[in-house]
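Residue numbers (the numbering used here), protein chains in the order written: chain A, 7 to 194; chain B, 131 to 654.
Written out as structure tokens, the structure reads:
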């Protein structure tokens, strides 16, 4: 661990516990630091100093002057990953449609983004379900403490009859791709 | 009078300098005056006035319920409130009136707080700009502040009246805007990936994310069950501690709340910083961090060291994977949580009724927007049998690595971590919408997400104004269930930086005049 020494590495105005922060003017003291917000995040890993592999001289006993890591360029998906079969399967499972080509692209970008996980070495690591895994969940006594709110609950449903929620006939699977009104059919 | 802190207004109520109904009415008319911010979806005027009258009666009899009695508060629209429409800014729940109060809402009402209304958000709390709900985007009150407008003139940016307004950040943007524009004294948000702290930093207010398991999630429409927490937004750290004291504690209705008894605390200001150990995680200098935020971060570290605290560089090596891991876990849990919206028991229902499947598909097609549908479909992809091991389980393993990083750091003697909250100050709406929701979330959640992964408490404190005259906040992350220590450090820091109050008199030129008869001696 390094104890950081901050004494006077900022030239100019003296600092201290009572420094007045309003009207902060930065001048050119931090021009070495990361440039302002940029929209394109997918820069290829460049200068090894930027990756923090070599202790850069810009570390002057303060907060790191340069970013200590860079975004990795995302590799495009191999074609076989997202086929029409997979898309159809997803639409059936989720009961939500892709709507248009943008929807499919959104999924492809999401998978591309998630592929970065494979760079992490997780050998021997157990999956974590919850941060409270070392505690027991609370279970109350099996006694009836509340209920009889049938009317209140039925009030929110659109179609009811007496004390029943009405559903259309079940056990009828969604029509296959050819029979559905979905964008995927067009894209075939 | 609306500009004071919760503690001050509570004292004023106790001394009789102002009555709860008067306070409520002023807040309601101020909400009307700031309607262009679009911070509120539903304003519960009648019930608020009734609650204020009941509170006034209690004050008259000298039987007040607590520090929050008579205080106007606002609640994000994904908390269930009995009798008040709860929409989550989605067509799916438009017109839905819950039959019960969320536990946190009930706790506030039991203390006598006056619920003014439900605030705007991203649809189902998915997003980092509060721009994707069906009721439209929320505007940042700082767009209309004198501090920002003066700087615009200085930098010779011709400020067209309405077109270049700034976003609040998200997804609890409405709550942050409500607190920042003085329409209420505290607001509830929810925090899954930074949804409370991000808008708090952009709106110049305090945003607290408590430890996972401290505050009940019963009644909070869930996004990610393993990371969601109700968040608290207030104008100062003291107020956040007061609200936390009311909300924290075990709830039999939420079995993920811990059973340890919670002792509410009074925040003291420490004078001896030498026992404090602040950690500066080096990975939090991420690509894209603005030079201003970096400078403020340095100055803050400097401040602590000059006061005698030990400031130490630490490493959280898996930080860069936190957003990717969140992306997988969030979409997977969302795919599961959104399955409850089928139109049968509540919410929108499609008229197509050939079969249940067709009805569900049509209902969900009509009810969800692109963002929600995109996340559901991605989540289902990651949960497919062929992908489960490679994506979902892998993300859970990475989550453990991230959580272990924090455990290691705190075991080595660090009390509190100091990091930036956002990459830079807020940006105009027209710029924000150039990238899609997922990209923006991935960019904006980078500093706030890891605390949710590990379930740790975190607080963002407004630190200073940027060169554009906009607020920048810094984040403190504490040990699990050590909110007292975290808030003590944050309070000391807040006192040192003396963040300026937003000057909103400039809203006059919008044709919404704060009527003069409302200005009393209390207006500073």
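Where is the CB? At the ideal position from N, CA and C, for every residue including glycine.
Environment of residue 150 of chain A [buried if 16+ CB atoms lie within 10 Å]: exposed
Residues that residue 489 of chain B contacts on chain A, provided the C-beta gap is smaller than 8 Å: Chain A residues near residue 489 of chain B: 173 and 174.
Residue span of the beta strand (DSSP E) that contains residue 319 of chain B, given as start and end: For residue 319 of chain B, the enclosing beta strand (DSSP E) begins and ends at 316-321.
Residue 404 of chain B burial status per 10 Å Cβ neighbour count (16 or more: buried): exposed
Between the CA atoms of residue 330 of chain B and residue 409 of chain B - distance to the nearest angstrom: 22 Å
Pick from B/479, B/511 and B/361 that is closest to residue 589 of chain B, judged by C-alpha positions: B/361
Buried or exposed (CB count within 10 angstroms, at least 16 for buried), residue 202 of chain B: buried
Through-space distance from residue 372 of chain B to residue 198 of chain B, alpha-carbon basis: 8 Å
Minimum Cβ-Cβ distance from residue 27 of chain A to chain B less than 8 Å: At residue 27 of chain A, the pLDDT of 43 sits below 50, so the modelled position is not reliable and the matter cannot be decided from this model.
At least 3 beta-carbon pairs within less than 8 Å: the segment 486-497 of chain B vs the segment 457-476 of chain B: yes
Whole-Å CB distance - residue 257 of chain B paired with residue 300 of chain B, under 8 Å assumed: 5 Å
Classification of residue 275 of chain B by the beta-carbon crowding that lies within 10 angstroms, buried from 16 upward: The residue is buried, with at least 16 neighbouring Cβ atoms inside 10 Å.
Rounded Cβ spacing between residue 310 of chain B and residue 325 of chain B (contact assumed at less than 8 Å): Incorrect: roughly 16 Å between the Cβ atoms, too far for contact.
Where residue 618 of chain B falls: helix, strand or coil (DSSP): helix
Cβ pair count under 8 Å reaching 3, the segment 535-553 of chain B against the segment 411-418 of chain B: yes
Buried or exposed by the 16-neighbour rule on C-beta atoms within 10 Å, applied to residue 177 of chain A: exposed
Chain-order list of residues whose beta-carbon lies under 7 Å from that of residue 621 of chain B (same chain, five-residue window excluded): Apart from the 5 residues on each side of it in sequence, residue 621 of chain B sits with its Cβ closer than 7 Å to the Cβ of 367, 368, 397 and 399 in its chain, given in chain order.
Close Cβ partners of residue 142 of chain B (< 6 Å) along its chain, the five nearest in sequence each way excluded: 148
Cβ-Cβ separation, residue 464 of chain B to residue 353 of chain B (assumed contact under 8 Å), whole Å: 6 Å
Residue 171 of chain B, enclosing beta strand (DSSP E) - first and last residue: 170-173
Beta-carbon contacts of residue 529 of chain B that lie in its chain and below 8 Å, excluding the five residues immediately before and after: 455, 459 and 583
Rounded separation between residue 131 of chain A and residue 374 of chain B - CA only: Between residue 131 of chain A and residue 374 of chain B, the C-alpha separation is close to 35 Å.
Strand pairing of residue 360 of chain B, partner residues [DSSP]: B/320
CA-to-CA distance, residue 142 of chain A to residue 594 of chain B, given in whole angstroms: 43 Å
Chain B contact for residue 183 of chain A (CB, 8 Å cutoff): Contacts with chain B at 8 Å (Cβ-Cβ) do not include residue 183 of chain A.
Residues near residue 445 of chain B in its chain [Cβ-Cβ closer than 7 Å; skip 5 each side]: 411, 412 and 413
Contact list for residue 153 of chain A against chain B, beta-carbon separation under 8 Å: By Cβ distance, chain B contributes nothing, its closest Cβ being about 13 Å from residue 153 of chain A, past 8 Å.
Status (buried if at least 16 other CB within 10 Å, exposed otherwise) for residue 516 of chain B: Exposed is the call here.
Assigned exposure category for residue 554 of chain B - 16 Cβ within 10 Å defines buried: buried
Neighbour flag for residue 611 of chain B against chain A, beta carbons, 8 Å: no
Residue range of the unbroken beta strand (DSSP E) whose run includes residue 549 of chain B: 546-550
Of the residues B/160, B/200 and B/221, the one placed nearest residue 477 of chain B, counting alpha carbons only: B/221
Pair within 8 Å by beta-carbon distance, residue 168 of chain B and residue 269 of chain B: yes
Rounded straight-line distance, which links the Cα of residue 511 of chain B to that of residue 321 of chain B: 25 Å
Cβ-based neighbour list, residue 394 of chain B, same chain, cut-off 6 Å, excluding 5 preceding and 5 following: 375
Bridge-paired residues (DSSP) for residue 463 of chain B: In the DSSP output, where bridge partners are listed per residue, residue 463 of chain B has none listed.
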